[in-house]
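Using the numbering used here, read the sequence shown as starting at 705 and increasing by one per residue.
All C-beta atoms, glycine included, are put in the ideal place defined by N, C-alpha and C.
All figures in this text were calculated on a predicted structure; none of them were measured in a lab.
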Amino acid sequence: MTIFSKDDLISAFHRRASTRSYDGNKKIPADDFNAILELGRLSPSSVGSEPWQFLVLQNADLRQKLKPVCWGIPTMETASHIVAILAKKNARYDTPYFGEIMDRRGLTGEAREKALAVYKKFQTEDIAILETDRSLYDWASKQTYIALANMMTGAAMLGIDSCPIEGFDYKEVNRILAEEGLFDPAEWGVSVMVTFGYRDKEIRQKARKTFDEVVKFIE
């Protein structure tokens, strides 16, 4: 079943650009932005782990606190919405967090034991991410980028601009947000941030690799 034409999709991607200058007087309607957040929530993740939370940072004073440790990004003032995407720490197969995943799936008894065995093998052998806390956290952070991409894609299709942000002092941003009581730093950490709004000027399209440079068919 076709919902959107491929031409419409490609057109939205051609227009999408990392927006670093927003019209501070234009705000995204609440219904549209909630739809963008819903795209993040509904995103796929490795073994259905969904190791993310979305902090929508609308408080002007908090944005000013963050600005000096975010490379002084001016969009901290003019973006309609700013989202800090958190990644789950210690998302091991044998933790209550994975127990909650199995609870949501209604897994009990033998089915639950089989699922736990699959998760254990996956984390300890197949992808081997349990050597360090950092490798486990990096795996969780990878999942947040799927949600990030889907949110930006959905925004582009709604005519809303966005820009992913890695240019910030991670230690300081985590400290500021944790001290505001927005999350438990033992359980969560900021993986990436993203701004949304409406560009205040046209953005020159950057040169990209060609289709043939990035796509290889193995037949």
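Item: PRO772 versus GLY871 - alpha carbon distance; Value: 11 Å
Item: Within 8 Å, strictly: CB atoms of LEU770 and VAL877; Value: yes
Item: For ILE732 and MET897, believed in contact at Cβ under 8 Å, the rounded distance; Value: At roughly 16 Å, the Cβ-Cβ gap does not stay under 8 Å, so MET897 and ILE732 are not in contact.
Item: Cut-off 6 Å between Cβ atoms - residues of its own chain near ALA721, not counting five sequence neighbours on either side; Value: ILE907
Item: Run of the beta strand (DSSP E) containing GLN757, from where it starts to where it stops; Value: 756–760
Item: Through-space distance from THR914 to ASP888, alpha-carbon basis; Value: 44 Å
Item: Separation of PHE717 from ARG816, as counted between CA atoms; Value: 41 Å
Item: DSSP-derived helix/strand/coil call for PRO733; Value: coil
Item: N-terminal and C-terminal residue of the alpha helix (DSSP H) that LEU820 is part of; Value: 813–825
Item: Host alpha helix (DSSP H) of PRO778 (start-end); Value: Looking at the DSSP string, PRO778 is not in any alpha helix (DSSP H), and its letter there is neither H nor E.
Item: Alpha helix (DSSP H) segment containing ILE864, residue limits; Value: That residue, ILE864, is in no alpha helix (DSSP H); it is neither H nor E in DSSP.
Item: Of the residues GLN847, VAL760 and LYS825, the one placed nearest LYS793, counting alpha carbons only; Value: GLN847
Item: Reduced DSSP category for TYR801 - H, G, I as helix; E, B as strand; rest coil; Value: helix
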